[in-house]
Structures are given as C-alpha cells and as structure tokens.
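Visitor: I'd like to ask you about the structure that follows.
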Amino acid sequence: MHIWEFGGGELLDQLQSWSRRNIAFGARPDVLWIATPAGTLVETDLETRQAVEHAVLPGSRLSALAAAATGELLVAGSGGELVLLSVPTGSTRSRTADRDVSRAAVAAFLEATAEVPDDGDELETHLVVTDGTRTWEAGDLETVTAASATDPTWLQLQAAVNKVRHHGG
C-alpha cells in the first residue's frame, strides 16, 4: 500500500496521463476513485488531500471504472476481468458493526437452507415461491386467476395465463 500526498509530484503527473473513464466519485462524499494502469485503485480523499492505493487486479491494467448508484465500484481490467467492489462507508466502528450484521445474516441463511440434491429431480420441486408475504405451493399457482398491480410480476403473469387457460380470457 502506498500513501500519496497531494500538492504536486508523482500522483498529479500520473493523473494527467490517465483517461477520464478511469476516474469516478464513490458513495462517500469527497472521495474520488482513480483506476491506474498498474492495476491499483487509488482512493483519493479530497478533503485531507491524501490518497491510498488498493491492489485490485495486480498484473492487469485497469481500463475502466464506474460507480454504481448503490455505491459499488465496477472495475474493468485489460485482460477482460470485471470486478464489482463493495466500498465500505462510515467509520471503522460502523463498518465492524455492518460486517457483524452481514455475517449473522449469512449464518442464518445457511442454517435455514440446504443444497438442492443432485438426484435428477426437477429444480422447481425444490424452490420456495413467495411474494414476501405468502408462500405459494405448486397447486396454488395453477389455480390463481387474479393478481393486483402491487403483486410481483411473476404472480401477475401466472394469474393472467391461468385466467386465459381456465376461462378463455
């Protein structure tokens, strides 16, 4: 990791030679991200005028950088690599709390799920279909003929298909 100091010198020289498509603002205010030809991502704090390099794709030139509306960074490498980076925001303490919450959610998910057996069954027999409020069994989906505009699209489509099938329109 290399820490850069603004105000001239090496970083500013490199900035002038980098393409504009390799620069993006992230979710945190006053932080500019710069993808370098060396395969690193430079996190530039415009308020403190310091920058920190992060090794993203060592050995590959970073050819493009974009910030998603959700705060992630999308980085493209010269070898065809595409990396989606989740960038932590907030203080170290809040990031630790977020990480703990994420780990607990993953553990709960893994405890409540099981792998689909590789026994030749249809995948659909192992899926749980839900609209977030109700769990739909296969028999329920074959008979549903009405759905509101607030129902999931898959349920609206299933209801429309069933209505045509059972009632002719």
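Residues in the sequence shown are numbered from 16 upward in steps of one, following my numbering. In this text, a Cβ means the ideal position worked out from N, Cα and C, and glycines have one as well. Only a predicted model underlies this, so the values are computations on that prediction, with no experimental measurement involved.
Give the secondary structure of residue 154 by DSSP, where H, G and I count as helix, E and B as strand, and everything else as coil.
Guide: In the sequence shown, the residue the question calls residue 154 occupies position 139. Residue state, collapsed to three classes: helix.
Visitor: Expressed to the nearest angstrom, what Euclidean distance is found between the alpha-carbon atoms of residue 165 and residue 171?
Guide: Here residue 165 corresponds to residue number 150 of the sequence shown, with the count starting at 1. Here residue 171 corresponds to residue number 156 of the sequence shown, with the count starting at 1. Their backbone Cα atoms lie some 9 Å apart in a straight line.
Visitor: Less than 9 Å separating the beta-carbons of residue 83 and residue 99?
Guide: Position 68 of the sequence shown holds residue 83. Position 84 of the sequence shown holds residue 99. Yes, Cβ-Cβ distance for residue 83 and residue 99 is below 9 Å.
Visitor: If the criterion is Cβ atoms closer than 9 Å, does the pair residue 67 and residue 86 meet it?
Guide: For the purposes of this step, residue 67 is taken as residue 52 along the sequence shown, with counting starting at 1. For the purposes of this step, residue 86 is taken as residue 71 along the sequence shown, with counting starting at 1. Not closer than 9 Å, so no.
Visitor: So for residue 106, helix, strand or coil by DSSP?
Guide: The residue you call residue 106 lines up with position 91 of the sequence shown. With a pLDDT of 48 at residue 106, under the threshold of 50, the modelled position of this residue cannot be trusted; read the value that follows with caution. It is coil, neither helix nor strand.
Visitor: I'd like the ranges of any beta strand (DSSP E) spanning at least 3 consecutive residues and lying wholly in the segment 63-139.
Guide: Those beta strand (DSSP E) runs which fall completely within the segment 63-139 and span 3+ residues are 65-70, 77-82, 88-92, 97-100.
Visitor: Grouping DSSP H, G and I as helix and E and B as strand, with all else coil, what is residue 47?
Guide: Looking up residue 47 in the sequence shown gives position 32. Strand.
Visitor: On the DSSP bridge assignment, give the partners of residue 39 in chain order.
Guide: The residue given as residue 39 occupies position 24 in the sequence shown. For residue 39, which the question treats as bridged, DSSP gives the partners 48.
Visitor: Since residue 76 and residue 95 should fall inside the 8 Å C-beta cutoff, what is the C-beta to C-beta distance between them, to a whole number of angstroms?
Guide: Here residue 76 is taken as the residue at index 61 of the sequence shown, counted from 1. Here residue 95 is taken as the residue at index 80 of the sequence shown, counted from 1. Rounded, the Cβ-Cβ distance is 12 Å, inconsistent with contact.
Visitor: So what does residue 145 bridge to, in DSSP terms?
Guide: Taking the first residue of the sequence shown as 1, we reach residue 145 at position 130. DSSP lists 150 as partners of residue 145.
Visitor: Where residue 156 and residue 150 are concerned, what is the direct C-alpha to C-alpha distance, given to the nearest angstrom?
Guide: Numbered from its first residue, the sequence shown carries residue 156 at position 141. Numbered from its first residue, the sequence shown carries residue 150 at position 135. About 10 Å.
Visitor: How about residue 38 and residue 50: are their beta carbons less than 9 Å apart?
Guide: Sequence index remark: in the sequence shown, residue 38 carries index 23 (1-based). Sequence index remark: in the sequence shown, residue 50 carries index 35 (1-based). Cβ distance < 9 Å, so residue 38 and residue 50 count as in contact.
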